[in-house]
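Asker: Protein chains in written order, with our numbering: chain A, 220 to 331; chain B, 11 to 569; chain C, 8 to 254. No residue lacks a Cβ here, since even glycine has one placed at the ideal position from N, Cα and C.
#1: Taking Cβ positions, are residue 328 of chain B and residue 376 of chain B nearer each other than 8 Å?
#2: Hey, how far is the Cα of residue 88 of chain C from the Cα of residue 130 of chain C?
#3: Cβ of residue 120 of chain B within 8 Å of Cβ of residue 220 of chain B?
#4: Near residue 5 of chain B, what residues of its chain come up, given a Cβ to Cβ distance below 6 Å and the 5 sequence neighbours on each side ignored?
#5: Could you tell me the distance, in whole angstroms, from the CA atom of residue 122 of chain B to the CA atom of residue 478 of chain B?
#6: Measure the CB-CB distance between residue 179 of chain C and residue 49 of chain B and report whether it falls below 8 Å.
#7: Here's the rule I'm using: 16 or more other beta-carbon atoms within 10 Å means buried, otherwise exposed. How should residue 207 of chain B be labelled?
#8: Closer than 8 Å is the cut-off here; do at least three beta carbon pairs connect the segment 487-502 of chain B with the segment 83-91 of chain B?
#9: Along the segment 204-220 of chain B, what residues have a CB closer than 8 Å to any CB found in chain C?
#10: Mind checking residue 152 of chain C: buried by the 16 CB within 10 Å criterion, or exposed?
#11: Under the assumption that residue 217 of chain B contacts residue 286 of chain B (Cβ atoms under 8 Å), give the Cβ distance between them as a whole number of angstroms.
#12: Of the choices B:128, B:344, B:442 and B:332, whose alpha-carbon is the least far from that of residue 308 of chain B?
#13: Taking 7 Å as the line, does the beta carbon of residue 312 of chain A fall inside it for any heavy atom of the ligand SAM?
#14: Decide if residue 302 of chain B is buried, meaning its Cβ has at least 16 other Cβ atoms within 10 Å, or exposed.
#15: Thinking residue 372 of chain B and residue 444 of chain B are a contact (beta carbons under 8 Å), I'd like their distance in whole angstroms, please.
#16: Against chain C, with Cβ distances strictly below 8 Å, would residue 264 of chain A count as a contact?
#17: Tell me whether residue 536 of chain B sits in a helix, a strand or coil according to DSSP, three-state version.
#18: If contacts are defined as beta-carbon pairs under 8 Å, then residue 233 of chain C and residue 97 of chain C qualify, I think. What distance do you get, rounded to the angstrom?
#19: Below 8 Å between beta carbons: does that hold for residue 80 of chain B and residue 474 of chain B?
#20: Quick check: residue 522 of chain B and residue 547 of chain B, are their CB atoms within less than 8 Å of each other?
#21: Give a yes or no on whether the minimum CB-CB distance between residue 332 of chain B and chain A is below 8 Å.
#22: Can you tell me which of the three DSSP states residue 124 of chain C falls into?
#23: Nearest-angstrom Cα distance between residue 77 of chain C and residue 184 of chain C?
#24: How is residue 50 of chain B classed by DSSP in three states: helix, strand or coil?
#25: Name the one or two DSSP bridge partners that residue 518 of chain B has.
#26: Can you grab the Cα-Cα spacing for the pair residue 255 of chain C / residue 191 of chain C, in whole Å?
#27: Taking C-beta pairs closer than 9 Å, name the residues in chain A that residue 253 of chain C reaches, listed in chain order.
#28: Name the two residues that bound the continuous alpha helix (DSSP H) containing residue 116 of chain B.
#29: Quick one: list the residues of chain C neighbouring residue 257 of chain B, beta-carbon separation under 7 Å, in chain order.
#30: Are the segment 198-212 of chain B and the segment 62-74 of chain C in contact at 8 Å, needing three or more beta carbon pairs?
#31: Report the partner residues of residue 513 of chain B according to the DSSP bridge assignment.
#32: Do the segment 103-117 of chain B and the segment 52-64 of chain B touch if we need at least three Cβ pairs shorter than 8 Å?
#33: Does DSSP put residue 244 of chain C in a helix, a strand or coil?
#34: Closest to residue 319 of chain B by C-alpha separation, out of B:55, B:387 and B:357, would be which residue?
#35: Let me make sure I understand the geometry here. Which of B:65, B:64 and B:90 has the alpha-carbon closest to that of residue 75 of chain B?
#36: Do residue 226 of chain C and residue 209 of chain C count as a contact pair if the criterion is CB distance below 8 Å?
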């Protein structure tokens, strides 16, 4: 439980049992960052950036999601197993999407 | 201990079943229906899956009877469609998927890792109730007219062209799917967090490893099936058009989502069976499993590869040639970890002190039949032969070799192997050996002709066929009769043995797993005291030392 | 770990806290196991939504003009407001977990009530949006109407966005967009409804002081669920509302 050393648990509270205690200041910073991200993604959709539009939209969404996962969901302070679990979910999700797309993308190439 | 066998039963004149055990702890129906004890839930599962196996098996009997003659004379063709669909749905979702994990896995995993229970006992019970709810819905479907889409629910057939009970079957599978998710989730958490002190990952019995791998597939794959079914239901009721080509949807997308689960699902079905075989082969050869680490990792490798191969079910459905190439190659790669297992089991047998108890006979059956089933899978992975063989009886024979010849053999092997632990009594050895042999013969007679039929081009899923195929179909139906006897026998003599079987004692097989070091049947909390593990799995020298120490203690205490 | 567990035992002055289940050796083991189980459950949720995201990606690439035109029918004001509401509710939920950890019962109840209200607000706005779709016959099925896409001038939203009429067979594919829109937001809303029911129960229990005695697991795991639902929306919002607002 070495990850828990930096916590700001009040005296007599066991932080390992009650999860890592993140200070409200961090929550407020993340909240503001999420608001900025939302504004940015709305703004970006009104600009004509051609093929960059969806890429930027996804990039902002991924950033926002990462912030939520790391701080609101405490993954940054969690044991490796939790991080691995999140990674496994992401990996399988990407396998589903990209292996399926491998069919759809190459269908247009026709037969050989 | 006689030289011919390793069965070491206690002195039968004085032997008793321990007074306190998980069966006698509490009485009454409610104490079973509201239990949190993983062993009791395993028994509940065992009874319910046997019930559904009997139904699915009877349907299989009807199918074979219909195929005895080339014409469709026993039942109308649409009835035949319903019969084989219900056979598939029941056998896959209500028997094969929960078979080993929910019964043997539930019973043994906590004991094997030295825990008092699964991590989430209430979730475990919930998963049984979900299973029962799903099963009841399937029975309801059967009684109100059945469903005739095949167990694959292929769109647009299931969404536009049939007017049978697709919705209630879909709901049943959705619910049963959550039952399997919760079982898998529970196993993963338990194996990670509940191991006894000293029980490191590489001291776990291989049964635990393979169930762990299967659980990963259950947790990650099943939700995709759930959403595919939800979309089919919406397509059928509202007409959302996602799978409807007339509205621009792609019916193949359903198959992508469906097989993303349903291909890993065959590994969910076979992996726990492989775990059983590892335990049985090691015990009856009196040797540590050869290449323990390789066998452990091959389970995980099968689970990981399992997510990359699903498109081989769709090679002739109009997917792109280029992705076919990739998926064909990846499919062949799955043969590697499967072969690693077969080779390692064979090497375990080499120079072992082999005895031929019933579980071992079933395990031999598994090794032979699974190898044939697996190798024919490579034929189907190769795109050229696949075009000829797919949707013929070759496919039917292939997956029955893997699922029935493989998984069902493993299940029966495991049931016999752990029967003394679960009930405290031995099954009758001679008749069960006969049953194992009858099953093996019946199985080959049933399904081997189907390889030839498929190669000759007899398509699957039809009630009638050209006359030249009749001879082989007669063989197959005759074999199914023998197979039926082979399955009926264990149900009868295992029930008999509950009352009349010899008392087994705690370790009749002289096996090394933690489950054999406690009383049979076990206490509700499994261990009087949580064990501290200081030896590897399958360490027969450790066992000998322990036995010796025990004997000396007895002698000195008597003296 | 050994330090903290001795601390706990000293703190609670008896070996097994009342909320420790008998089959766990230590409270630490129970917390580890149940927390891990919650994460595994969220994994299944990722894959559940994953199927719909895959479908979305394929059809968006196939029928891009239809998706653009159809997305212009969504109200950006309501969408943005809902994003704001959901992010705020995530924030109040995170603060709720913090107050439970700090054993501040009053703040915890306040945070949960705020989350509850924000969640209801989200669903209320969603209802307004769904109602609009019903009135304009944009709900997939027998009564689906192509009017907004064939004659954009007759439609307020399409006119404002400056849409040009779509050819008939492309216009028909807007139905797929709305199918996915309803399937995805509907499934998301279902998760919200489940969450709000649980929140109601938790407010009731929190007022009795159930979560401020050192056992915060339930609040924490519910927080994970709620943040996950938020993350789904973080992706749904740009994918459904903001496909291309500049065209």
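Answerer: Taking the structure as given:
#1: no
#2: 12 Å
#3: no
#4: With chain B represented from 11 up to 569, any question about residue 5 of chain B goes unanswered, as that position is not in the structure.
#5: 53 Å
#6: no
#7: exposed
#8: no
#9: 204
#10: exposed
#11: 6 Å
#12: B:344
#13: Here there are no bound small molecules, and the ligand SAM is not part of this structure.
#14: buried
#15: No, residue 372 of chain B and residue 444 of chain B are not in contact; Cβ-Cβ is about 12 Å, not under 8 Å.
#16: yes
#17: strand
#18: 7 Å
#19: yes
#20: yes
#21: yes
#22: helix
#23: 7 Å
#24: helix
#25: For residue 518 of chain B, which the question treats as bridged, DSSP gives no partner whatsoever.
#26: An answer regarding residue 255 of chain C cannot be provided, because it is not within the stretch 8 to 254 covered by chain C.
#27: 264, 265, 266, 267, 268 and 272
#28: 116-123
#29: 179, 182 and 183
#30: no
#31: B:435
#32: yes
#33: helix
#34: B:387
#35: B:90
#36: yes
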